[in-house]
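Report on the following structure.
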Amino acid sequence: MKIPVALRDTPYEVTLGAGVRHEVSSFIVEHLTRARVVAVITSPAIRRQPWFDFNFALEAHIIEVADGEAAKTLTSLGRVCEELARLGVSRHDVIVGVGGGAITDLAGFAAAVYLRGITVLHVPTSVVGQVDAAIGGKTAVDIAAGKNLVGAFHQPAGVWCDEETLSTLSDRERIAGMGEVAKCWLLEGRPSTLLARATMSEFVEVSVALKARIVAADEFEQTGQRALLNYGHTLGHAIELVSLARDPDELRHGEAVAIGLAFAARLARRMGRVREDVVVETDAVLDFFELPTRLTGTFDTSVLLEVMSRDKKAHHDLTFVLAGQHGCEVVSGINSVVVREVLEQFQEA
């Protein structure tokens, strides 16, 4: 199956299915006719997987980076660009990001800045990568002040979501990745009662189709539509950043998003935007995927408020994507006293 990302200047397709990773080499030969070198950015763990069996027709080199969020640093970016230069990669050549969302973020950003921009293709191998990170051209690395604060818009020329790559995920990685699927399910307004009938392939398809549609409508986040994809991410990114600093294994991105979704529902209820049934339905969706619906562990509320105020959506205030009578929307200027109150209750629950 192919889902178009119908951008005006740089349209491309997201290909879904089993074994579709093998189409990347022929795509390069047929569509990137001036390319001579393929630089594959991946991690040692990904490279060891049984499905890592790319046979590129062109000269190919592998650049290994760290797994997970550890890959998304300015140091990693510099090392990748130095290696690209050492390999003699030109503007006509291509980068292929093979890995989870962190690796495709790094690969995309490297492609955006190396030689002021070269072609990038993505083969996302995690649930988060397939349903969110690899699609839409938002590339970034993290800094101490926050997640994804240094980056660029740089669309891939194609994305291949191969379901076979999900077969080797650990239970935790697979379940955590469903946080982004839950976000899309809630944004679409689909009832939790339909979840049991859907397959993993359908979850990916629904999520990719939503992302493609929103990105095509608001590629550079100018109308506010694309910001809806940050549902659950204001608190989610804050607790992810704090937890990463003390224990990289404490919280996965999708787990943080799930907690953020549960919190956003409660904040919307506290502000009178929705009734209790929205909180119940949100928890039902998260429970189905075995995702957390509470913030556990020790988090300083003041620190979280400060981090959330630096969120990319914010304008020197607290900004959340919240449910309302007509669906989700971006809400700015939220009283910090209210957010603190709901957050403290959320941690105590």
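If you read the sequence shown in our numbering, its first letter stands for residue 35, the second for the next number, and so on.
The C-beta atom is built at its ideal place from N, Cα and C for all residues, glycine as well.
Candidates the options, of which the one nearest residue i by Cα
i	options	result
Ser-336	Val-242, Arg-303 and Val-372	Val-372
Thr-173	Gly-142, Ala-261 and Val-165	Gly-142
Arg-82	Val-132, Leu-108 and Glu-57	Val-132
Glu-375	Ala-298, Val-314 and His-360	Ala-298
Ala-191	Ala-246, Glu-47, Glu-363 and Ser-160	Glu-47
Ala-144	Gly-170, Leu-108 and Ile-177	Leu-108
Arg-307	Cys-362, Arg-206, Thr-316 and Val-72	Cys-362
His-255	Ala-100, Met-234, His-95 and Gly-171	First, the amino acid is wrong: residue 255 is Glu here, not His. Looking at the Cα atoms, Gly-171 is the closest of the given residues.
Leu-203	Leu-220, Arg-231, Val-161 and Val-193	Val-161
Arg-286	Asp-101, Ile-248, Val-365 and Ser-201	Asp-101
Leu-220	Asp-281, Gly-134 and Asp-317	Asp-317
Gly-112	Pro-84, Glu-340 and Val-147	Val-147
Asn-264	Asp-281, Ile-248 and Glu-207	Ile-248
Arg-150	Ile-177, Gly-134 and Leu-118	Leu-118
Leu-325	Leu-262, Gln-379 and Arg-208	Arg-208
Ser-343	Gly-134, Val-193 and Ser-370	Ser-370
Residues bridged to residue i (per DSSP)
i	result
Cys-195	Leu-50
Phe-354	Val-365
Lys-393	Nothing can be reported for residue 393: it is not among the residues displayed for the chain, which extend from 35 to 383.
Val-128	Val-72 and Thr-153
Ala-141	According to DSSP, Ala-141 bridges with nothing at all.
Pro-38	Glu-47
Ile-96	Val-74
Gly-180	Ile-177
Pro-158	Gly-133
Within 8 Å, strictly: CB atoms of residue i and residue j
i	j	result
Val-319	Leu-229	yes
Val-128	Ala-91	no
Ala-279	Ala-40	no
Ala-136	Glu-93	no
Leu-155	Val-123	no
Ile-368	Leu-329	no
Cys-195	Leu-50	yes
Val-58	Phe-88	yes
Leu-356	Leu-301	yes
Val-74	Ile-97	yes
Leu-377	Leu-338	yes
Glu-222	Met-35	no
Thr-138	Thr-199	no
Ala-210	Gly-288	yes
Val-365	Phe-354	yes
Val-291	Gly-270	yes
Ser-77	Val-99	yes
Whole-angstrom C-beta distance between residue j and residue i, which should lie under 8 Å
i	j	result
Arg-304	Glu-310	11 Å between Cβ atoms; not a contact.
Gly-16	Val-175	The displayed coordinates of the chain run from 35 to 383. Any statement about residue 16 would go beyond what the structure contains.
Gln-189	Thr-44	5 Å
Asp-345	Thr-268	5 Å
Arg-120	Ile-152	Actually they do not touch by this definition, with Cβ atoms about 15 Å apart.
Gln-381	Phe-322	Contact doesn't hold; Cβ gap of about 23 Å is too wide.
Val-114	Leu-140	7 Å
Ala-79	Glu-197	Their Cβ separation, rounded to whole angstroms, is 19 Å, which puts Ala-79 and Glu-197 out of contact at 8 Å.
Lys-106	Ile-169	Contact flag wrong, Cβ pair sits at about 17 Å.
Glu-116	Ser-226	At roughly 48 Å, the Cβ-Cβ gap does not stay under 8 Å, so Glu-116 and Ser-226 are not in contact.
beta-carbon residue i near the ligand FAD non-hydrogen atom, thresh 7 Å
i	result
Val-365	You won't find the ligand FAD in this model; it holds no ligand whatsoever.
I'd like to know if the segment 175 to 187 and the segment 208 to 217 are in contact, where contact means that at least 3 CB-CB pairs between them fall below 8 Å. no
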